[in-house]
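**Student:** Each residue of the sequence shown is one higher than the last, beginning at 1 in UniProt numbering. I am attaching a structure below and will ask some questions about it afterwards.
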Amino acid sequence: MTDLAAQSRVLSTLRGQRIETASWAYGNSGTRFKVFAQQGVPRDPYEKIADAATVHRFTGVAPTVALHIPWDKVDDYADLARHAADLGIALGTINANVFQDDDYKLGSVTNADPAVRRKAIGHLLECVDIMDATGSRDLKLWFSDGTNYPGQDDVRTRQDRLAEALRETYDRLGPDQRMLLEYKLFEPAFYMTDVPDWGTAYLHCTQLGERAQVVIDTGHHAPGTNIEFIVAMLLRAGRLGGFDFNSRFYADDDLMVGSADPFQLFRIMHEIVLAGGLEASAGIAYMLDQCHNIEPKIPAVIRSVMNVQEATAKALLVDHAALAAAQQAGDVLEANAALMDAYHTDVRPMLRELREDMGLDPDPIAAYRRSGYFEKICEERAQGQAAGWGA
């Protein structure tokens, strides 16, 4: 295949790429110790959506924004969806929150107290009601449930409780809606987490049905974990429903995707490309699950979108025929070179060309800074309570 033909194929795929941003990325956030307030931060879900629409305006590939309930709770979700549509985007994944209530100190859906479990399940069902109003396809579930000490609770019984909650919620979904189950190695539960790994999530999903899928968050693994292997396994099983992009050094740092280990992001995207995971028919939801604690929020989200685009472009440039031939021949060096040649390709000129062809500024960050949007929101949002979470 000629370089020109390869570039045309890559540009065609990138033009159709879709990356969801998260409403909470635009609010104030921080660590367990401190939340650092920034200027121009949204005060309500409507302003968060305006910021998400701004990211889409400059990138062209971020047409949806995920909501987190109750962080983004409003009286009229249909009106919120209309507001998003008026700004040129749509509401995406609905994320449940059963980890910020005093009742959930010992767990939510796995709590030994049936009243607490009922309250948690009620919230999950409420989120499905919200999906009905917003037209959202996906319900994303992450549970902080777990234990801090050996003997604190019975491991198998907690799994039974989890299975019952997932079943009731799954059965409430509409025919075109999905449940995405996320996992996390640790934190805030430090001895045992109820959904600690992809295997646990996968087992629960297979017991529920085809519309229960696993979500991979790149920050939710032990150091040294081969995440691209997990990607390949879930793709092979047809159970990879979503991907939460971020980057980490030690734990769930939620740094900008591709900032800590851009080669890992490339390797992940390579597995996705090999399995046809970028096709709309694959049904994989790609989202930026990041909190921008010290960097300006909207430029950070734009930069993250660009980082995913660059990693995707490089993965698309891998010469699969040469790679397969080297693998078949047992030529270790040539097989590795096929990957490294693509990874070391500077795809930024290609992406600038793509943006110009899409009617966008080739430099989204510079275009945003020139737009005056930041100065505008700083003035408009100077009064009132900024959205965010306390620490």
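Quick reminder that beta carbons are idealized off the backbone N, C-alpha and C, glycines included. Just so you know, these numbers come straight off a predicted model, no measurement behind them.
Let me know the beta strand (DSSP E) ranges lying completely inside the region 267–351, each 3 residues or longer, listed in chain order.
**Tutor:** Segments of the beta strand (DSSP E) lying fully in the region 267–351: 285–288.
**Student:** For the candidate residues R161, I49 and G209, whose alpha-carbon lies nearest to that of L91?
**Tutor:** On the sequence shown, position 91 is the one that residue 91 refers to. Checking every option, the nearest Cα to that of L91 belongs to I49.
**Student:** Whose C-alpha, out of I130, Y250, L255 and R211, is nearest the C-alpha of R239?
**Tutor:** Residue mapping note: residue 239 aligns to position 239 of the sequence shown, counting from 1. Closest by alpha carbon: R211.
**Student:** Give the DSSP bridge partners of G146, in chain order.
**Tutor:** As a first step, residue 146 must be located in the sequence shown, where it is residue number 146. Per DSSP, T193.
**Student:** Could you give the DSSP three-state label for A163: helix, strand or coil?
**Tutor:** As a working note, residue 163 is residue 163 in the sequence shown. In the structure shown, A163 sits in a helix (DSSP, three-state: H, G or I).
**Student:** With a 10 Å radius around its C-beta and 16 neighbouring C-beta atoms as the bar for buried, classify C378 as buried or exposed.
**Tutor:** As a working note, residue 378 is residue 378 in the sequence shown. C378 is exposed by the Cβ-count criterion.
**Student:** Smallest Cα separation from L323: which of P114, H270 and I89?
**Tutor:** Walking along the sequence shown from the start, residue 323 turns up at place 323. That would be H270, whose Cα lies nearest to the Cα of L323.
**Student:** What would DSSP say about F58, mapped onto helix, strand or coil?
**Tutor:** Sequence index remark: in the sequence shown, residue 58 carries index 58 (1-based). Here F58 sits in helix by DSSP.
**Student:** Following the continuous beta strand (DSSP E) through F243, name the residue where it begins and the one where it ends.
**Tutor:** The sequence position of residue 243 within the sequence shown is 243, counting from 1. Its beta strand (DSSP E) spans residues L240 to F245.
**Student:** Do you know whose CA, among Q152, Y170 and D113, lies nearest residue 393's CA?
**Tutor:** For residue 393 there is no data in the structure shown, the boundaries of the chain being 1 and 391.
**Student:** Out of T312, A37 and I94, state which residue places its alpha-carbon closest to the alpha-carbon of L339.
**Tutor:** Counting from 1 along the sequence shown, the entry for residue 339 is found at position 339. If we check each option's Cα against that of L339, T312 comes out closest.
**Student:** Residues in the same chain with beta-carbon distance under 6 angstroms from V116, minus the five sequence neighbours each way, listed in chain order, please.
**Tutor:** Counted from its first residue, the sequence shown places residue 116 at position 116. D103, listed in sequence order.
**Student:** State buried or exposed for P364, treating a residue as buried only when at least 16 other CB atoms are found within 10 Å of its CB.
**Tutor:** Within the sequence shown, numbered from 1, the residue matching residue 364 stands at position 364. By the 10 Å Cβ count, P364 comes out buried.
**Student:** Taking the straight line between their C-alpha atoms, what separation do you get for residue 459 and E182?
**Tutor:** What is shown of the chain runs 1 to 391, which leaves residue 459 out entirely.
**Student:** Are G107 and G151 close, meaning C-beta to C-beta below 9 angstroms?
**Tutor:** Indexing the sequence shown from 1 puts residue 107 at position 107. Indexing the sequence shown from 1 puts residue 151 at position 151. The answer is no: Cβ separation not under 9 angstroms.
**Student:** Considering only C-alpha positions, which residue in the set D129, A52 and A321 is nearest to I302?
**Tutor:** As a first step, residue 302 is located in the sequence shown; it is residue number 302 there, counting from the start. Among D129, A52 and A321, the Cα nearest to that of I302 is on A52.
**Student:** Beta strand (DSSP E) containing I216: first to last residue?
**Tutor:** Start at 1 with the first residue of the sequence shown, and residue 216 comes out as number 216. A212 to D217 is the span of the beta strand (DSSP E), which, as asked, contains I216.
**Student:** Let's see if you can read the secondary structure: which residues bound the beta strand (DSSP E) around E228?
**Tutor:** Your numbering for residue 228 matches position 228 in the sequence shown. First-last for E228: I227 to A237, but that is the alpha helix (DSSP H), not the beta strand (DSSP E).
**Student:** Rank F374, A326 and L317 by C-alpha distance to the C-alpha of A5 and give the top, closest one.
**Tutor:** Here residue 5 refers to the residue found at position 5 when the sequence shown is read from its first residue. Nearest of F374, A326 and L317 to A5, Cα basis: L317.
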